Each structure stands twice: as structure tokens, then as C-alpha cells.
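All the letters of the sequence shown, read from the start, carry residue numbers 1 to 225 under full-length UniProt numbering.
Quick notes on the structure that follows.
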Amino acid sequence: MATLLQIDSSARSFDPEKSQHQSISRKLADCFVKSYRAQQPDTGYIQRDLAMTPPDFISVDWIAACFKKTELSDEEAKVLALSDELIDEVASADLIVISAPMYNYGMPAALKAWFDQVIRINKTFSFDLARGDCPIEPIFGGKTLVLLSSCGESGFEPGGAQAHKDHLGAHIQLLSRYLGASRFFHVAAEYQEFGDERHHKSVAEALKKAELLALELASPMAAWR
């Protein structure tokens, strides 16, 4: 049975019964996940709300335990317990869905903390100097990652006028490899700070794209299944 892991990171919540001050990235994720699970009701499902329960930032003790080559003490194992739990969730997932707003041109701090807890030597990647100048290789593989994002401005897509400022989508696409993702999809809603017709159109188009992508990936013919 396939498993879907949903990671939400916006500081704002989403309630389909309300219309004001709702997270757009969470709204896109809600659309995607509902559409996908309607087609694949037997899919396993794990959800992490990083705003409700932010992961710890890595510490000097975390780094020491992470790189220790001998058996961990009980205290060191405790330091890595959350990391182990989050990695187990990623390991079990076939499809990873991340919803994230663009904060200051990058990802929310809680989402960066999640990546830092998950991308870990000898757990999600290996390091071997025998590989030369590219010693890092992912351990997991064959997963699909879908990023559903929102931003206040526009033009952050590849080739867009502000693509050079995008430290959200491009960063997550880079990191997705170390989660074992061989396929990456990104659906974004734009113009949030403008609040004009362009924004409303962008949200509507993003919702439609999210729904269609969910249906495509839920198809029995989807390459990742």
C-alpha cells in the first residue's frame, strides 16, 4: 500500500468554512490531498503540521550525536529521537506533499528545521570520499515530491523576471533528492500581496493544477507507483 506524507508549514491555518486570512498554500495542499485520496482511498496517510509542532533546530549536541561513530548514549539517542521519527515517516512515504508559503524569498523556518532534522548522514544520505568531488549520495529513492506554494509577488518560475530571487522552490527541489525524490512537481499561487484580479486568477489556476496533478499521480499508470 502506498503512503502519502503531508507536510504543512504556513504560520496561518486553513478552514474551508472561512474566507479571510486563510493560508493559500494549505488550501492548495487540502485540494491536492483530497483529490488524490478520493482516487486512492486505501493510501496510507501521515500529516505533519510544522506550525503547530515546530521541529527543534539542530544543536551542537545534535551534530555530535549525528556524527558519532560509536554506540550512542541514552542522552545522545534522546537528542536524535525526533530526527529518527521524522526520517521514519519519510522512509515510509511514496508521495511527499509539502505546502509552504514564501517568507522573505525562502521557506519558513519551521520547514528548514524539518529538512535539517531529516537530511542526515547514514540515514538519508551517504558520504564517501571515494566518489571524488561528489561524495554525497541519497539513500532513499523512487519517491515523488509535490510542492504547493504561495507568494506575495510573481515571476519566480524558471525563466521568470524574479527567478533569481526564488530560494523556496529551487531550494526544496534541490533538497528533494536527499528525501529520495526522483520526481518533483511545483504548483504556485502568486500575487497574494496585491489582492487583485491577478491574484484571484492565480489561486484559481493553482487549485485546478493541484487537482489535475493529484488525479494524474493517483492514476494506476503513474510512473512512481
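Just so you know, even glycine gets a beta-carbon here, dropped at the ideal spot from N, CA and C.
None of the values given here were measured: they were computed from a predicted structure.
For Ala218 and Arg48, the gap between their C-alpha atoms comes out near 21 Å. Under the three-state reduction of DSSP, Ala130 is assigned to helix. With a 10 Å radius around the Cβ and a threshold of 16 neighbouring Cβ atoms, Ile63 comes out exposed. In this structure, DSSP gives Gly44 an extended state, which the three-state scheme calls strand. For Glu137, the CB contacts under 6 Å within the same chain, skipping 5 residues up- and downstream, are Ser126 in chain order. Taken atom to atom, the span from the alpha-carbon of Leu28 to that of Leu207 is near 6 Å. Excluding residues up to 5 positions away in sequence, Ile119, Thr124, Phe125 and Pro138 lie with their Cβ nearer than 7 Å to the Cβ of Tyr178 in the same chain. Positions of the alpha helix (DSSP H) runs, each at least 4 residues long and wholly inside the region 165-213, are given as 169-176 in order along the chain.
With respect to the C-alpha of Pro54, the residue from Ser202, Ser154 and Ala11 having the closest C-alpha is Ala11. Residue pairing by DSSP puts Tyr103 in a beta bridge opposite Gly106. Residue burial is scored here from C-beta neighbours: Cys134 has fewer than 16 other C-beta atoms within 10 angstroms and is therefore classed as exposed. Here Arg26 is buried, its C-beta having at least 16 other C-beta atoms within 10 Å. Lys143 is bridged by DSSP to Ala181. Annotated as proximal: Ile24 and Gln192, with beta-carbon spacing under 8 Å. The UniProt region "Disordered" (1-21) contains, as complete beta strand (DSSP E) runs of 3+ residues, the segments 3-8 (chain order). If you draw a straight line from the Cα of Ala163 to the Cα of Glu71, it is about 45 Å long.
Spanning the alpha carbons of Val146 and Asp8 requires a straight line of approximately 12 Å.
Straight across, the Cα-Cα distance linking Asp61 with Val79 is about 7 Å.
Non-local C-beta neighbours of Asp94 in its own chain, meaning closer than 8 Å and more than five positions away in sequence, comprise Ala2, Thr3, Leu4, Gly142, Lys143, Thr144, Trp224 and Arg225, ordered along the chain. Between Lys209 and Val187, the C-beta gap is smaller than 8 Å, which places the two residues in contact. Nearest to Asp84 by C-alpha distance, out of Lys34, Phe184 and Trp114, is Trp114.
Here Phe115 carries a helix assignment [DSSP, helix/strand/coil].
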